[in-house]
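In this note's numbering, the protein residues as written are 3 to 256.
Quick reminder that beta carbons are idealized off the backbone N, C-alpha and C, glycines included.
Okay, structure first, notes after.
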Amino acid sequence: MEFNYNLEIDNILNKIYQRKIFELACENNISTIDLKDIKSYKDRFKSFNVYLGSEIEEFIKDSLPKEKDGYFFRCNVSKHKNNYYPKIYDALGNKLEYESDSKFATILWKEHINNLIIKDVYESFNKENFHEFIDNNLENIYEDINKSIIDFYNTNKLTIAFSNKSELVSVIKDMILKNELDISFAHDFVDLDKIREEMIMYSTPLDMYNEYDKLEDDLNYCLNNFFKYNNDELFNILVDEKNFKFIENVGLVR
3 MEFNYNLEID
13 NILNKIYQRK
23 IFELACENNI
33 STIDLKDIKS
43 YKDRFKSFNV
53 YLGSEIEEFI
63 KDSLPKEKDG
73 YFFRCNVSKH
83 KNNYYPKIYD
93 ALGNKLEYES
103 DSKFATILWK
113 EHINNLIIKD
123 VYESFNKENF
133 HEFIDNNLEN
143 IYEDINKSII
153 DFYNTNKLTI
163 AFSNKSELVS
173 VIKDMILKNE
183 LDISFAHDFV
193 DLDKIREEMI
203 MYSTPLDMYN
213 EYDKLEDDLN
223 YCLNNFFKYN
233 NDELFNILVD
243 EKNFKFIENV
253 GLVR
């Protein structure tokens, strides 16, 4: 198949456009793209400012072919640009016994071609083409983006997952017991004064064993008997004081 450099640049741009939609969804608390309301999502994504930062350079490099395929791909780019390329494989893909250039020179050539590709991608990226990509493709890629959003929140964020606010207290207790939330959350959400009062009532020597010791040793009991907040109060504290954000269909995320 004849090498089409412009088509290759377009393919890279399409990968970037899809990544940008995912990033915009995460930045703007869009947890799910609903096919039934796809037009409103298209309009919303097109309303955001979008640009290419320097971080996209690694994404571009990672999207290029690897190993032998990467070599021949860059050779084709070199030919398209009328540039020199080192001889590492013959036309059948067999590795040459003697390469035409040193390994260091080959590395420099590879980086040079990468930079040419990156430059052309940056110059080809524009708002109009991004909007056209959204209009033409969102119906076909929304499921992949939804999966990426869920994976992102599950792996990169502290997520308190619940489907109804009435579950929040029980979810928090369960996460603390499973060490999915740090014990410091228990310190904040349990009434330590009341634990201390109970310990005094039972003549516990507090200079040797205090309320924090009791909380850690008998965590389940303390969570169930001395939890300070109801579901609504807890939600407000997590958002206002603990810097969590509510993401629809996900829960609270920080």
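Outcome for residue i when other beta-carbon atoms lying within 10 angstroms are tallied against a minimum of 16
| i | result |
| --- | --- |
| K44 | buried |
| Y19 | buried |
| K175 | buried |
| E235 | exposed |
| E213 | buried |
| Y204 | exposed |
| G55 | exposed |
| T157 | exposed |
| D122 | buried |
| A93 | exposed |
| Y211 | exposed |
Same chain, Cβ closer than 7 Å to residue i, five either side skipped, listed in chain order
| i | result |
| --- | --- |
| F47 | I23, L26, I136 |
| S126 | I11, L15 |
| S65 | I14, K17 |
Which of helix, strand or coil DSSP assigns to residue i
| i | result |
| --- | --- |
| L221 | helix |
| T206 | coil |
| A163 | strand |
| G253 | strand |
| Y100 | coil |
| V241 | helix |
| Y144 | helix |
| F246 | coil |
| C43 | The residue you asked about is not Cys; residue 43 is Tyr in the sequence shown. Helix. |
| Y91 | strand |
Cutoff 8 Å; reference residue i; Cβ partners in own chain excluding five residues on either side
| i | result |
| --- | --- |
| S147 | It is worth fixing the name first, because residue 147 is Ile in this sequence and not Ser. Counting only Cβ-Cβ distances below 8 Å, and skipping sequence neighbours, we find Q20, I23, F24, A27, I35. |
Whole-Å CB distance - residue i paired with residue j, under 8 Å assumed
| i | j | result |
| --- | --- | --- |
| N138 | K63 | Incorrect: roughly 26 Å between the Cβ atoms, too far for contact. |
| R256 | K167 | The pair is not a contact, with the Cβ atoms about 17 Å apart (cut-off 8 Å). |
| F164 | G253 | 5 Å |
Opening and closing residue of the alpha helix (DSSP H) in which residue i lies
| i | result |
| --- | --- |
| A27 | 7-29 |
| D122 | 105-126 |
| M177 | 170-179 |
| F187 | 185-191 |
| S33 | First-last for S33: undefined, no H or E at that position. |
| D64 | 58-65 |
| V52 | Taken as a continuous stretch (DSSP letters only), V52 belongs to no alpha helix (DSSP H), as it is neither H nor E. |
| E69 | 69-82 |
Same chain, Cβ closer than 6 Å to residue i, five either side skipped, listed in chain order
| i | result |
| --- | --- |
| E101 | I90 |
| S150 | F24 |
| Y7 | H82 |
Residue i beta carbon near the ligand SAH (any heavy atom closer than 6 Å)
| i | result |
| --- | --- |
| L221 | Summarising the ligand content, the structure contains no ligands, and the ligand SAH is consequently not present. |
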